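Here the structure comes first, spelled out in C-alpha cells, and everything after it is commentary.
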Amino acid sequence: MSALMQEMNAKALRLGIPLSVQLDLTYRCNERCVHCYLDHDDHGEMTTPEIRSLLKQLAEAGVFFLTMSGGEILLRKDFFDILEYARALLFCVKLKTNAILIRERQADRIRSLGVDSIQISIYSHRPEIHDAITKVPGSLRRSVDAIRFLRAQGLRVIIANVLMLQNMDDYPGVKALAADLGVEFTIDPTITPKMDGDRSILSLNINQASLRQVFRDEALVGDVEEFCAPPKQADEDDLDALPCSAGHSACYVSPYGDVYPCVQFPLPSGNVRRTPFLDIWRHSHQLHEVRSIRTRDLPSCSRCVHVVGCTRCPGLAYMEGNMRGPSSQDCEKSFAKTGIPSHNLLSRKPRGGALVHIQSAKELMTRPAISTTPAQ
Amino acid sequence: MKAKRYVARSSEIAARRLGNEMMIMSGRDSTLFSLNEAATVIWEAADGLTTLDEIVEHRICQEFDVEQAEALRDAEALAEALAEHGIVQLADQPFQYSPSGKEQK
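Same order as they appear, the protein sequences are chains D and F. According to this note's numbering, the first sequence is numbered sequentially starting from 676. According to this note's numbering, the second sequence is numbered sequentially starting from 273.
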C-alpha cells in the first residue's frame, strides 16, 4: 500500500468515513463452485432504483472504493446501468466476476465506463480441474477468453486463485497462465464457512503441510526468511491497534440490503431498505461493538506470540462463535509460517503430541523461523 | 499576455472528498492524488466554462490569504500537473458538454 493510501486510510478512520464498501449485487451464479459460501437462490434482491439510491447514499457517506461482487454480477440484467451510475458518482469501481459472460462487447463497455480492475477466479490452468470445481464444463476456456478480451481493452485484470484440496498442486500453472495473459495473480489459501454458518466446506481447506509449502515458495512470498520470520514481541501500541478495517473504514452490503462489517463477517448490523446507510454506519450497535475492540481485548490472541504479525480475521472468529476469539484458520497460517503454535492451538492440542514438540517458551521464541521437518 | 485557460474536470477519474481534501485516482494510470483544501476548491470549480484566472480571483483569493499573482502561478502549475494524468483537461476555449456529460473541446 502506498504511503498516500495509508494516509488516506488513517484519515478515513479518524473521520469515521467508510472508505471501502463491497456491494454484492446478486447471490445468483452461473457456476456452482464446490467451496462457495453462498446460497444462490434469489431471496429478494434490491431493485435497480434501490441500488441507485444506495449508491447515492454511499457516495454521500464518502465511499471511494466500491467493489461490486456476487454471485455473478453479470447475471443482473441491469448490471451496466448500475455500473454506469456508480461511475457517474465517481466511485473507484472494482469488479469481481467469473467472467464467463464477458465477450468483446462487454469488455468494451467495461473499459468505456472506467472500471479500475476486474478480479477473476481461476482455480487451475487445467480444464478438468477448474471445470470440476465450478461444475460448469468449458468454464475455464470462457473465463480465459474473457481475460483476453479485457486485456485487449487495456484493462487491469487480477486472477484470484483460491486454493483447496482439489487444486493445491496447480497454483504454479495458474501463475504461469497469468504471466502469459499479462495479468496480476493473487492466491488465497482460505476456504471460509458458508454465510449461514455451515462449516462443512472447511474440509476442502488445504492441510498444514501444504500451507507450509505455499508460504515457503519464493515465487509467491518473495523473501521466505522475512515472510516466515519468528513473531515479534508486542508492545503497548500493538495491543492498542485495531484488529482489522472491517466496520471501521470498510463494510459490506448484501443483495438484500443487509449491512455487515465485511463479507467475511456476517454480523447483521442493519438493512438499507429500512434505515439510511449513514444511520446504520454511524449508529448501529453492532458496528459500535466491533469498533470498540482493540487487540488487547482479545482474551486468547492478546496473549499469543503471534499477536503482532497474525492475519487474524475477526469475521472468521465471529463465525467460530466469538468475535473476540481466535480465528483458527489464521492460527494455522501463523503456525505454518513460523513453526510456532499459537496460544489457541496450544490450548487445543496435547503438549508433546506429534504436531509440535515444545521444550520451553524461551526456546520457542529463539528457534529458527522455518521448520524443515518433512510434512507428515 | 498569457491566454486565458479553461479547465474542466475529467469524467475518467474516481474522486471523493475526504474531510477538507479531495482523493482523486487517475483512470489513465491509477495514480492516486490528494488535493489540499485550496487545490480542492480549484478542482471543484473547474467546470470547463470558468477560466483559471476567474477561479483564482473569485474563489482562491476570497477564501485564502494569498496574493493573486502567486495563487495564479500555483493554480497553473496544479492544472498542468493534473492534466498530465488526465484528471483535468485544459483549453484556450470554453468546453462544450455533450448530453452524456463527456467534455468536448
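Even for Gly, the Cβ is constructed at its ideal location relative to N, Cα and C. Owing to the predicted nature of the structure, the values given are computational and were not obtained by experimental measurement.
- Scanning D:Asp-756, D:Gly-922, D:Lys-907 for the CA closest to the CA of D:Ile-1015 turns up D:Lys-907.
- Taking one beta carbon from each stretch, the stretch 306-325 of chain F and the stretch 276-293 of chain F have 3 or more pairs nearer than 8 Å; the two touch.
- A Cβ-Cβ separation of about 28 Å leaves D:Thr-809 out of contact with D:Arg-887 under the 8 Å criterion.
- Of all residues in the stretch 283-300 of chain F, only Ser-283, Glu-284, Ile-285, Ala-286, Ala-287, Arg-288, Arg-289, Leu-290, Gly-291, Glu-293, Met-295, Met-297, Gly-299 place a beta-carbon less than 8 Å from a beta-carbon of chain D.
- It is roughly 33 Å from the alpha-carbon of F:His-330 to the alpha-carbon of D:Pro-693.
- Look at D:Lys-769: its C-beta is not under 7 Å from any C-beta on chain F.
- Here DSSP, grouped into helix, strand and coil, assigns D:Arg-969 to coil.
- Note on D:Met-676: under 16 other CB atoms within 10 angstroms of its CB, so exposed under the neighbour-count rule.
- Within the same chain, Pro-868 come within 6 Å of D:Arg-874 by CB-CB distance, once the 5 residues on both sides are set aside.
- A contact is defined here as three or more CB-CB pairs under 8 Å, and the stretch 744-754 of chain D meets this definition with respect to the stretch 771-780 of chain D.
- Our two residues, D:Ser-944 and D:Val-928, have alpha carbons roughly 10 Å apart in a direct line.
- Contact between the stretch 729-738 of chain D and the stretch 949-959 of chain D is present: 3 or more CB-CB pairs across the two stretches fall below 8 Å.
- Judged by DSSP secondary structure, F:Ala-280 falls within the beta strand (DSSP E) whose first and last residues are 278-281.
- Closest in alpha carbon position to D:Ala-761, among D:Gln-841, D:Val-696, D:Arg-703, D:Asp-717, is D:Val-696.
- By the criterion of a C-beta distance shorter than 6 Å, D:Arg-891 is surrounded in its chain by Val-899, once the five residues flanking it on both sides are discounted.
- Straight-line measurement puts the Cα of D:Arg-966 at about 12 Å from the Cα of D:Arg-689.
- Less than 7 Å separates the beta-carbon of D:Ala-921 from that of D:Cys-937.
- Residue environment analysis places D:Asp-756 among the exposed positions, since fewer than 16 neighbouring C-beta atoms fall within 10 angstroms of its C-beta.
- Contact with chain F is found for D:Leu-679, since one of that chain's Cβ atoms lies less than 7 Å from the residue's Cβ.
- Looking at the DSSP output, D:Val-928 sits in a beta bridge with D:Leu-698, D:Val-934.
- Distance between D:Leu-879 and D:Leu-840, taken at the CA atoms: about 6 Å.
- The beta carbons of D:Ser-814 and D:Ile-785 sit no closer together than 7 Å.
- Residue burial annotation: D:Gly-897 is exposed, with fewer than 16 other C-beta atoms found within 10 angstroms of its C-beta.
- Taking D:Thr-986 as the centre and dropping the five residues before and after it, the same chain places the C-beta of Asp-1005, Lys-1008, Ser-1009 closer than 8 Å to its C-beta, in chain order.
- Straight through space, the alpha carbons of D:Val-832 and D:Glu-859 are spaced by roughly 6 Å.
- The three-state secondary structure of D:Asn-997, taken from DSSP, is coil.
- A direct Cα-Cα distance of roughly 32 Å separates D:Arg-703 from D:Gly-691.
- In summary, D:Asp-806 is buried, with 16 or more beta-carbon neighbours lying within 10 Å of its beta-carbon over all protein chains present.
- Put simply, the backbone Cα of D:Gly-996 is about 38 Å away from that of D:Pro-802.
- Non-local beta-carbon contacts of F:Ala-286 in its own chain, meaning distances under 6 Å to residues more than five positions away in sequence, involve Met-297 in chain order.
- Between F:Leu-324 and F:Val-279, the gap from beta carbon to beta carbon is short of 7 Å.
- Along the stretch 834-902 of chain D, the alpha helix (DSSP H) occurs as fully enclosed runs of 4 or more residues at 846-856, 883-890, 893-896, 899-902, listed in sequence order.
- Collapsing the DSSP output to three states places D:Asp-791 in coil.
- Put simply, the CB of F:Leu-304 is near chain D, with a gap under 7 Å to one of its CB atoms.
- By DSSP's assignment, F:Thr-323 forms a beta bridge with F:Tyr-278.
- Legend: CB atoms of the stretch 784-795 of chain D lying less than 7 Å from CB atoms of chain F belong to residues Gly-789, Asp-791.
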